[in-house]
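Position one of the sequence shown corresponds to residue 1 (the numbering used here), numbered consecutively onward. Step one of this worksheet: look at the structure below.
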Amino acid sequence: NWTMDRFVDKEIARIRALVGPKGQVIGAVSGGVDSTVAAKLMHEAIGDRFHAVLVDNGVLRLNEARDVKKILSEKLGVNLTVVDAGQRFLEQLKGVVDNPEEKRKRIGNTFIQVFQEKAEEIAAAAEGSSRAGNIEWLLQGTLYPDVIESISFKGPSQTIKSHHNVGGLPEIMHLKLIEPLRELFKDEVRELGTNLGIDQELVWRHPFPGPGLAIRILGEVTPSQIKIAQEADKIFIEEIRAAGLYREISQAFAALLPVKAVGVKGDKRAHEQVIALRAVKTTDFMTAQAFQFDNEFLSKEADETIVTSKPPGTIEME
Ligand code: XMP
Numbered sequence: 001n002w003t004m005d006r007f008v009d010k011e012i013a014r015i016r017a018l019v020g021p022k023g024q025v026i027g028a029v030s031g032g033v034d035s036t037v038a039a040k041l042m043h044e045a046i047g048d049r050f051h052a053v054l055v056d057n058g059v060l061r062l063n064e065a066r067d068v069k070k071i072l073s074e075k076l077g078v079n080l081t082v083v084d085a086g087q088r089f090l091e092q093l094k095g096v097v098d099n100p101e102e103k104r105k106r107i108g109n110t111f112i113q114v115f116q117e118k119a120e121e122i123a124a125a126a127e128g129s130s131r132a133g134n135i136e137w138l139l140q141g142t143l144y145p146d147v148i149e150s151i152s153f154k155g156p157s158q159t160i161k162s163h164h165n166v167g168g169l170p171e172i173m174h175l176k177l178i179e180p181l182r183e184l185f186k187d188e189v190r191e192l193g194t195n196l197g198i199d200q201e202l203v204w205r206h207p208f209p210g211p212g213l214a215i216r217i218l219g220e221v222t223p224s225q226i227k228i229a230q231e232a233d234k235i236f237i238e239e240i241r242a243a244g245l246y247r248e249i250s251q252a253f254a255a256l257l258p259v260k261a262v263g264v265k266g267d268k269r270a271h272e273q274v275i276a277l278r279a280v281k282t283t284d285f286m287t288a289q290a291f292q293f294d295n296e297f298l299s300k301e302a303d304e305t306i307v308t309s310k311p312p313g314t315i316e317m318e
């Protein structure tokens, strides 16, 4: 019968056998639960022959690249390279205003290019070392629900949106895929992470999409919009933590809307952009319900972001 300890032992043995004594594996990490757990498992199995790459696409959470480096590299000992590619992504996103699928596509394609370039660099360096073989494997933190969703989304007429972290890369890079989590549900990945000694704070982290804040900034993605979205997200998540609701909520975030309304900042009327806050409860991320905040939380949250009481504000939005 199935236990997590046995899963870990079996999976490490399977990875070692698959990759061989000199085999090298590369994989993108995001700082999320799935890729962190997958990376830690690879590190346990083959040490520094697993190369983790974090692509900073410029639309991550505030200080995310720095924090991920701290956890993965310093705490968990994973062999990590961080690529600062924010400018490149920003260039690609210029002028994309009202087309979310185009945003996703451009981010996905840029991600593949940046990752591929870095992978080639790492591969060239690895080849120079006599102990190492070529990089032949690509790690993906695919979970069971990803497998199901990507199957049921196939076909041009049924594509609701493209999840850029599934598919694409292995074919382009001629790499074989290694997916240690593909039979697990999210709660099992969390259990596995705990079992591998990963901090509870990370294990229970809300998911964050590959295209990042770009799909939470409605309208054009610019440096100033990113800054607002990052700050708003930070405030919202801090308030949720302070209210002790973080674990009860499955995923929460702030989105920046491309409309302006009248509110109050300090004691002055302001005509500024509107933030939308979303929080959901779900077990599998395939279906979700809105989380019900109480009014006290909501008015406190409104105070933290912008004051909308009257006076000196208005009841109407304009
Ligand atoms: P949806 O919007 O599909 O979100 O109900 C379900 C979960 O997936 C995340 N999400 C994405 N993750 N690339 C990702 O890596 C994407 O393009 C993407 N779109 C949504 C979303 O944050 C939620 O956790």
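Virtual Cβ for every residue (Gly too), placed ideally from N, Cα, C. These numbers were taken from a predicted model, which means no experiment stands behind them.
Exercise for the section: Let me know the secondary structure DSSP gives residue 97 once reduced to three states. Expected result: Here residue 97 sits in coil by DSSP.
Practice task
Using DSSP bridges, identify the partner residues of residue 178.
Solution key: Note: residue 178 sits in a beta bridge opposite 139.
Handout entry: CA-to-CA distance, residue 125 to residue 62, given in whole angstroms
Key = Across the structure, residue 62 and residue 125 are spaced so that their CA atoms are roughly 31 Å apart.
Handout entry: beta-carbon residue 251 near the ligand ATP non-hydrogen atom, thresh 7 Å
Key = Of the ligands one can find in the structure shown, namely the ligand XMP, none is the ligand ATP.
Problem - Selected residue, minimal CA-CA separation from residue 189, among 143, 233, 106 and 210 - result: Checked all of 143, 233, 106 and 210; the closest Cα to residue 189 is 143.
Handout entry: Straight-line gap, residue 111 to residue 249 (C-alpha atoms, nearest Å)
Key = In this structure, the CA atom of residue 111 is about 29 Å from the CA atom of residue 249.
Handout entry: The beta strand (DSSP E) enclosing residue 209, as first and last residue numbers
Key = In the DSSP assignment, residue 209 falls outside any beta strand (DSSP E), carrying neither H nor E.
Practice task
Give the DSSP-derived three-state secondary structure of residue 60 in the structure shown.
Solution key: Here DSSP, grouped into helix, strand and coil, assigns residue 60 to coil.
Exercise for the section: State buried or exposed for residue 292, treating a residue as buried only when at least 16 other CB atoms are found within 10 Å of its CB. Expected result: It counts as exposed.
Handout entry: Selection from 260, 269 and 195 that minimises the alpha carbon distance to residue 6
Key = For the residues 260, 269 and 195, the minimum Cα distance to residue 6 belongs to 195.
Exercise for the section: Please name the residue or residues paired with residue 83 in a DSSP beta bridge. Expected result: Its beta-bridge partners are 55.
Problem - Distance cut-off 7 Å: residue 185 Cβ against heavy atoms of the ligand XMP - result: Checking every heavy atom of the ligand XMP against the Cβ of residue 185, none is found closer than 7 Å.
Practice task
In the DSSP assignment, find the beta strand (DSSP E) that holds residue 29 and state where it starts and stops.
Solution key: Run containing residue 29: none; DSSP gives neither H nor E here.
Practice task
Reducing DSSP to helix, strand and coil, say where residue 248 ends up.
Solution key: Assignment of residue 248 by DSSP, reduced to helix, strand and coil, places it in the coil class.
Problem - At least three beta-carbon pairs within less than 8 Å, the segment 204-212 to the segment 66-79 - result: Taking a cut-off of 8 Å on C-beta distances, the segment 204-212 does not touch the segment 66-79, as fewer than three cross pairs fall below it.
Exercise for the section: Output yes or no for whether 8 Å exceeds the beta carbon distance between residue 290 and residue 280. Expected result: Yes.
Problem - Limits of the beta strand (DSSP E) - the one that residue 273 falls within - result: From DSSP, the beta strand (DSSP E) with residue 273 extends over 268-281.
Handout entry: residue 233, enclosing alpha helix (DSSP H) - first and last residue
Key = For residue 233, the enclosing alpha helix (DSSP H) begins and ends at 223-242.
Handout entry: residue 104 beta carbon near the ligand XMP (any heavy atom closer than 7 Å)
Key = Distances taken from the Cβ of residue 104 to the heavy atoms of the ligand XMP include one shorter than 7 Å.
Practice task
Determine the closest residue to residue 105 out of 93, 197, 114 and 254, with distance taken between C-alpha atoms.
Solution key: Of 93, 197, 114 and 254, the residue nearest in Cα terms is 93.
Handout entry: Three-state secondary structure assigned by DSSP to residue 353
Key = This structure cannot speak to residue 353, because the chain is shown only from 1 to 318.
Problem - Closest residue to residue 137 among 258, 200 and 116 (Cα-Cα distance) - result: Here the closest residue by C-alpha is 116.
Handout entry: residue 200 versus residue 314 - alpha carbon distance
Key = When rounded, the distance between both Cα atoms is 43 Å.
Practice task
With DSSP collapsed to three states, give me the class of residue 219.
Solution key: Coil at residue 219, not helix or strand.
Exercise for the section: Could you tell me the boundaries of the alpha helix (DSSP H) in which residue 49 lies? Expected result: For residue 49, there is no enclosing alpha helix (DSSP H), as DSSP marks it with neither H nor E.
Practice task
Run the CB neighbour count on residue 300, radius 10 Å, all protein chains shown included, and call it buried at 16 or more, exposed below.
Solution key: Exposed: under 16 other Cβ atoms inside 10 Å.
Problem - Environment of residue 43 [buried if 16+ CB atoms lie within 10 Å] - result: If you draw a 10 Å sphere on the C-beta of residue 43, you find 16 or more other C-beta atoms in it, and that means buried.
Practice task
Measure the C-alpha to C-alpha separation of residue 302 and residue 277 and round it to an integer number of angstroms.
Solution key: If you draw a straight line from the Cα of residue 302 to the Cα of residue 277, it is about 10 Å long.
Exercise for the section: Report whether the distance from the Cβ of residue 89 to the nearest heavy atom of the ligand XMP is below 7 Å. Expected result: For the ligand XMP, not one heavy atom lies less than 7 Å from the Cβ of residue 89.
Handout entry: Euclidean distance between Cα positions of residue 310 and residue 267
Key = When rounded, the distance between both Cα atoms is 11 Å.
Practice task
Please confirm whether any heavy atom of the ligand XMP lies closer than 7 Å to the CB of residue 111.
Solution key: No, Cβ of residue 111 sits at least 7 Å from all heavy atoms of the ligand XMP.
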